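Enquirer:
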Amino acid sequence: MNAFTSNGGLIYSTLAFLEANLNYPRNTMAWVIADPVVANNGIYRKVLDSGTGSWARMADLPFSFIIASDAGAGTPNAIQATTSIPVSSSALIWMNIFEANTASPVTVSFNGGTPLTIKTNAANNIAVGGLTAGMIVMGIVSGSTFRLVSDQASAGIVAAAEAAADRAEAASLYVTGIDALSAAEAATFSNGVRFLQLLGRDTYGDGGALKAVEITEDGSPLGPGQFKTNVNLKRWENAEDVITPAMFANFGEMLTFTKAQMRIPAGNYEFDGFITVRDNAVIRAEKGATFIPTFEPTGTDRANPLIDFGNGADINYLKLQLDAGINTIRKGFRFGDHSQIGYVECTSSDLNNNRMEPGSTDLVSGAVLIDGDHVRVGQMYLSRFDRGWCVVDSTDVTIGKIRNLETLMGGYVHGTRDLHVLAGYTTGASVAEATALSKPRGPMTPGLNSVVLAGCSDSSFSNWFAFDILEHAIRVGQMASGTSVPNHRITFNNLQLYRPYGCGFKMDDADDFNIKRIEINGIYTEDVGNNNWFGDAGYQNWSQHNGTSYYNDPATDIDGNKVAFAIRNSQHVTFSDFSNKTNLYSNSGYFGLWIERSNYVQGSNIDVEKSKQDGVVVQSGGATSPERTELRGVATRDNAASGFLFDASPSNATWRGVQVFDLDSQNNAGYGVEVTARLDGASPYATLASRIEGFVRGNTAGQFSINSNVAADADFVSAIRERGTFTPTAAFATVGTSTWTYTTQSGRYWVEGDRCFVEVSLAMAPTIGTGSGNLRIGGMPYAGNGGINNICIIETDADFTSWNSRVELVPTVQHGQTYIEIRGLVAGQGTSPIGSGNMTSGAEHILKMAGWYRI
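Add 32 to the 1-based position in the sequence shown for the working numbering, that's all there is to it.
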C-alpha cells in the first residue's frame with residue numbers, strides 16, 4: 033500500500049467516499065479497501081478530467097492474501113465466510129474453521145456467493161472430522177471448488193501463510209482518502225481499522241492533512257489533536273511527527289499538543305486566552321509567523337505570561353504583536369529551564385503600560401521573561417514595551433543581542449548568576465508618550481532604566497548602547513527582597529550611554545554596601561541630564577509619588593541624581609577608559625565622576641568635561657571610610673565648578689590611601705583641585721597616606737584650594753604641578769601718596785606640591801610722597817606658609833641707598849601673605865627691612881629675584 037500511495041495512488045475506505053471526490057485527473061488509480069459491500073472493494077480508474085466523470089472498477093485488489101472469517105453463520109458442513117474484499121482466483125485465502133465438519137463433502141460460500149466444494153490438495157473431498165474447530169486452512173478458488181494449498185499436516189506452509197496473512201491484515205488497518213475531519217467524525221470504521229489518513233482538516237486540501245491513530249476511548253474530554261468517530265465510540269489522535277497550525281482548530285490547540293515537532297508557516301495566529309506549551313516543545317516557525325493576542329488580562333491574571341513555553345523549548349523564531357488597544361500586558365513570552373531560542377520579536381502598536389498598579393509585581397515582567405537555568409537566546413527585538421525583558425532566579429543564561437526600543441523600564445535582573453549579554457541597544461520612550469499614559473511617568477521616574485540589576489552575580493554585559501533613557505541608563509542597585517543573590521562579580525564592556533535624564537551609570541544600593549567586585553572596561557557618556565536642569569524652562573521632575581501614581585514636581589531640585597558615572601556604596605570596583613562629553617547640550621552630568629561611600633576603587637584613563645558642577649568628586653558620607661581608592665590618568669576640564677574635589681566635609685570619616693596620579697585639571701570655573709576638611713574641621717587623613725599628583729592650569733577660582741589642616745597633615749601629600757605667570761608689584765607698608773612706574777614688571781612661577789618657585793623681574797621708579805614702611809613686592813601666586821623660603825636676589829643696583837651697609841639682603845614671603853619683604857643683615861645688629869628710606873624717589877630701581885617658598 034505504501035508503494036502504491038507513494039507513486040500517486042489513492043486509497044479510500046468506501047466507494048461512496050471515492051465517488052464523492054472527482055477532483056483528480058483522468059486515469060488516476062484508486063483502491064477501495066473497506067467498503068461494507070464487498071464487491072465494491074477493488075481497483076478503480078478515474079474517467080474524464082478533474083471535477084467531472086466517474087470512477088470505473090478495473091480489477092480486484094492485488095492482495096496476495098485475503099482473510100476470511102468463519103464466524104459460525106453456516107453449518108459445520110456448509111460454511112459461510114466473509115472477507116473485507118472480494119475473493120478471486122489470484123489470491124490465497126486464509127480462513128479459520130469455526131467447528132469441525134460431520135459429513136463429506138464440505139462447502140464454503142464467501143460473502144454469500146455460490147458454494148464451493150472444499151477439496152484437499154490431492155483433489156479429494158474433506159474427510160469427516162478433517163476440519164477441526166479453531167483450525168486454520170489456506171486455499172484458492174479454482175472453478176467451483178475451494179482447493180486447499182496443503183493437507184492438514186503441512187504445518188510449515190501454514191505458518192508461512194499465517195505471517196503473510198498478518199501483513200494483509202495490517203494493510204486493512206489503514207484507511208485513507210478521507211477528505212476532512214467532519215467526514216471522519218461522521219463515519220463508522222470497522223474494529224480492524226487502526227489508522228486514518230485525512231486529506232484536509234476543515235476542507236479537502238486546506239493544508240491540514242494528517243494521519244490519526246486510534247487511542248483508548250476513556251470518556252474523558254477530547255485533548256488537543258483528538259477527535260471521535262463511530263458515533264463517539266472510537267477516539268483518534270494526530271499521529272504526525274511534525275505538526276502545523278492547519279491541523280488544529282486554532283493556534284493555541286497546536287501549542288498545547290504534546291507529541292510532535294511544530295512547524296508554523298508565515299501568517300497571523302490569533303489567540304484569546306493564556307497558552308501553556310508542553311515541556312521540550314520543538315517549534316520551527318517561518319519568518320513572519322506572528323502570534324496576536326485578542327484579549328487583555330486584568331487583575332491577578334496579569335501576572336500570567338500570554339504564552340508559557342515551559343522548560344526545554346527548542347524554537348528558531350517567535351514573534352508577538354500587540355495590536356492597538358492591547359496595551360497593558362505585563363508578561364509576553366516565558367522561557368524556563370534548558371530553553372534554546374533563536375530569535376524573539378515582540379512589538380506593540382501602543383506604548384505598552386505595565387504600571388497599572390504600584391507594587392513589586394511590576395518588576396518581574398517583560399515582553400520576554402526568563403526564569404530558568406541553562407537558557408540560550410540568540411537575539412531579541414523588542415519595541416514599545418514598558419519593560420522589554422526580565423531574567424529572574426536563573427543560572428547560566430546567555431543572550432546574543434537585545435534590541436529594546438522605546439521602552440520605559442528596559443530590562444530587569446534579580447536572583448541570577450552566570451548571565452551574559454553579548455550586545456544591547458536600548459532607546460527610551462518619548463517624554464510626551466510617557467507622561468500621557470493613564471499612569472503617567474516621565475523624566476527621573478524611579479526604575480526607568482535601560483537595565484536594572486537587583487541581584488546578579490558572576491555575569492557580564494558587553495557592547496551596551498542606551499539612548500534617551502528617562503532615568504539612569506544603567507543601574508546596579510539594591511538586592512531585591514526575597515533573593516539571596518547579591519550584585520557581585522559583574523563585568524561591563526564597551527558601554528555607550530547617550531542623553532539619559534538621570535545618571536549614565538549608577539551603582540548605589542541604598543547604603544547596604546553589598547555591591548562588590550565590579551569591573552568596567554570602557555564607558556562613554558554624553559549629554560547626561562538631557563538638558564533637563566532645575567531652574568531651566570521646561571524642567572521636569574517625575575520622581576515624586578502620591579500613593580497612586582508619579583507626578584511632576586518642578587519645584588524640587590533633583591540635579592544631584594544626574595551624575596555621568598556614580599559609584600556609591602561599592603567595594604572593589606575597577607574601571608578604565610571613562611569619557612564624559614557634551615554634544616547637543618552645554619553640560620553633561622551634575623558631576624562627571626562621583627565616588628562616594630566606597631572603597632577599593634581603582635580607575636584609569638578618565639576624561640571628564642563640562643559637568644554642571646565638579647568634574648571628578650571623591651566624597652565621604654556617614655561612617656564609611658574611603659579607603660584604597662586610586663585614580664590614574666585623570667583629565668578634567670571646562671567644568672562649572674572645581675575640576676577635582678576631595679570632599680570630606682559631609683562626615684567625620686577617616687580617609688586612608690586615597691590617591692590620584694597624573695591629574696590634568698584645566699579651565700574649570702572653580703578650582704583645579706579642591707580639598708576640604710572633615711565635618712568637624714579636622715583633617716580626615718590617617719594611617720595610609722593620601723596623595724594628589726598632577727597638573728593644574730587656567731582655573732578661574734584658583735589652581736588649588738587645600739584646607740590648611742589638611743595641608744599640615746603628614747598623611748596628605750600634595751604633588752600638584754602648576755606653571756604660570758603673574759604680575760609682581762611694589763608697595764610700601766603704608767602706601768600714603770606713593771606711586772610707582774614700571775619699565776619691567778614680570779613674574780613666572782611653577783608649583784611642585786607645597787613648594788612654589790618664582791622668578792621676579794622689576795625695573796621700578798617710586799614717587800615716595802608720604803609712603804613709608806617696609807618695601808613689599810606683591811602679587812605672588814600663593815600665600816606663604818610658615819615663612820620658609822629660599823629666594824635669592826639675583827640683581828639690584830646702587831639706587832637702593834645704604835646698600836653697602838648691609839652684609840646680605842634676604843627676601844622672605846611672609847606667612848599667610850602674598851608679598852615678599854626684603855630684609856638686610858647687619859653684623860651684630862640682626863635684620864632690618866628695606867623700606868622707603870632706603871630708596872630714592874624718582875629713580876629707577878632694578879630688582880631681580882628667584883627661588884622657592886612654602887605654600
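Note that CB positions come from ideal geometry on N, CA and C, so glycine has one too.
Please read these numbers as outputs of a predicted model, since none were measured by experiment.
Specify the secondary structure class of Arg334 as computed by DSSP and reduced to three states.
Expert: Helix at Arg334.
Enquirer: Which whole-angstrom value is the C-beta distance of Ser618 and Lys594, which I expect to be below 8 Å?
Expert: About 14 Å; that fails the 8 Å criterion.
Enquirer: Could you please give the first and the last residue of the uninterrupted alpha helix (DSSP H) stretch that includes Met286?
Expert: Element bounds for Met286: 283 to 288.
Enquirer: Applying the 10 Å Cβ sphere with the 16-neighbour rule, what's the burial state of Thr134?
Expert: Counting Cβ neighbours within 10 Å, Thr134 comes out exposed, since fewer than 16 surround it.
Enquirer: Mind checking if Leu54 is an interface residue toward chain D, Cβ cutoff 7 Å exclusive?
Expert: In the structure shown, chain D cannot be found, because there is only a single protein chain.
Enquirer: Count the other C-beta atoms from every protein chain shown that fall within 10 angstroms of the C-beta of Cys422, then say buried if there are 16 or more, exposed otherwise.
Expert: It is buried - the Cβ of Cys422 has at least 16 other Cβ atoms within 10 Å.
Enquirer: Can you say whether Asn59 is buried or exposed, counting buried as having 16 or more other CB atoms within 10 angstroms of its CB?
Expert: Label assigned to Asn59: exposed.
Enquirer: For the beta strand (DSSP E) containing Ser608, name the first residue and the last one.
Expert: Looking at the DSSP string, the run of the beta strand (DSSP E) that includes Ser608 is 602 to 613.
Enquirer: Starting from the Cα of Thr557, find the closest Cα among Val666, Leu287, Ala498, Ala733 and give me that residue.
Expert: Selected option, being the one with the closest Cα: Ala498.
Enquirer: Under three-state DSSP, which class holds Thr477?
Expert: It is coil, neither helix nor strand.
Enquirer: I'd like the list of long-range same chain contacts for Ser491, defined as Cβ closer than 6 Å, with 5 residues on each side in sequence excluded.
Expert: Same-chain partners within the cutoff: Leu451, Ile522.
Enquirer: Can you confirm whether the stretch 478 to 489 touches the stretch 504 to 520 when touching is taken to mean that 3 or more C-beta pairs between the two stretches lie within less than 8 Å?
Expert: Counting Cβ pairs under 8 Å, three or more are found: they touch.
Enquirer: Where Ala765 and Phe623 are concerned, what is the direct C-alpha to C-alpha distance, given to the nearest angstrom?
Expert: Cα to Cα, the separation comes out at about 44 Å.
Enquirer: Quick one: what's Gln293 bridged to in DSSP?
Expert: BP columns for Gln293 point to Val274.
Enquirer: Quick check: the stretch 231 to 246 against the stretch 205 to 212, are at least 3 beta-carbon pairs closer than 8 Å?
Expert: Segments in contact, yes.
Enquirer: Could you give the DSSP three-state label for Ser121: helix, strand or coil?
Expert: Note: Ser121 maps to coil in three-state DSSP.
Enquirer: Is the separation between the beta-carbon of Trp574 and that of Pro716 shorter than 7 Å?
Expert: Not closer than 7 Å, so no.
Enquirer: Quick one: what does DSSP say Thr863 is sitting in, helix, strand or coil?
Expert: Residue state, collapsed to three classes: strand.
Enquirer: In terms of DSSP beta bridges, what is Pro29 paired with?
Expert: Residue 29 cannot be examined here, being either before or after the span of the chain that is shown, 33 to 887.
Enquirer: Let me make sure I understand the geometry here. Which of Ile599, Ser804, Glu659, Asn806 has the alpha-carbon closest to that of Ile688?
Expert: As written in the sequence, residue 688 is Arg, which differs from the Ile given in the question. Considering only alpha carbons, the answer is Glu659.
Enquirer: Whole angstroms are fine: how far does the CA of Leu242 sit from the CA of Leu205?
Expert: Cα-Cα distance, rounded: 16 Å.
Enquirer: Flag this pair as yes or no: are the beta carbons of Ala216 and Leu230 separated by less than 7 Å?
Expert: Against a cut-off of 7 Å, the Cβ pair of Leu230 and Ala216 comes out as a contact.
Enquirer: Taking the DSSP output, what are the residues bridged to Pro586?
Expert: Answer is none; Pro586 lacks a bridge partner.
Enquirer: Please give me, in chain order, every unbroken run of the beta strand (DSSP E) with length at least 3 that falls completely inside the stretch 141 to 175.
Expert: Runs found: 148 to 151, 168 to 174.
Enquirer: Alpha carbon to alpha carbon, how far is Ala244 from Ala165? Give it in angstroms, no decimals.
Expert: About 37 Å.
Enquirer: Alpha carbon to alpha carbon, how far is His446 from Ser426?
Expert: About 8 Å.
Enquirer: Would you list, in sequence order, the uninterrupted beta strand (DSSP E) runs of no fewer than 3 residues that lie entirely inside the stretch 605 to 691?
Expert: Whole beta strand (DSSP E) segments, 3+ residues: 625 to 628, 631 to 641, 648 to 651, 662 to 669, 676 to 679.
Enquirer: If we ignore side chains and look at the alpha-carbon of each, how far apart do Leu228 and Gln112 end up?
Expert: Looking at the two C-alpha atoms, the distance is approximately 30 Å.
Enquirer: Return the chain-ordered list of same chain residues with a C-beta closer than 6 Å to the C-beta of Arg366, the five sequence neighbours on each side being excluded.
Expert: Cβ neighbours of Arg366 beyond the five flanking positions: Pro337, Asp340, Leu401.
Enquirer: Please report the Cβ distance between Glu12 and Pro472, rounded to the nearest whole angstrom; I am assuming they are in contact, meaning their Cβ atoms lie under 8 Å.
Expert: Residue numbering for the chain in the displayed model covers 33 to 887; residue 12 lies beyond these limits and cannot be assessed.
Enquirer: Indicate the three-state DSSP secondary structure (helix, strand or coil) for Met61 in the structure shown.
Expert: Three-state DSSP puts Met61 in a strand.
Enquirer: According to DSSP, is Asn73 helix, strand or coil?
Expert: Of the three classes helix, strand and coil, the one that applies to Asn73 here is coil, per DSSP.
Enquirer: Counting C-beta neighbours from all protein chains within 10 Å, is the total for Gly848 16 or more, i.e. buried, or is it exposed?
Expert: Exposed is the call here.
Enquirer: Please classify Gly704 as buried or exposed, where buried requires at least 16 other C-beta atoms within 10 Å of its C-beta.
Expert: By the neighbour-count rule (16 or more Cβ atoms within 10 Å), Gly704 is buried.
Enquirer: Does the separation of the CB atoms of Leu480 and Met539 fall below 7 Å?
Expert: Taking 7 Å as the Cβ cut-off, Leu480 and Met539 do not qualify as a contacting pair.
Enquirer: Please report the straight-line C-alpha distance between Glu628 and Gln651, rounded to a whole angstrom.
Expert: Those two C-alpha atoms are separated by around 5 Å.
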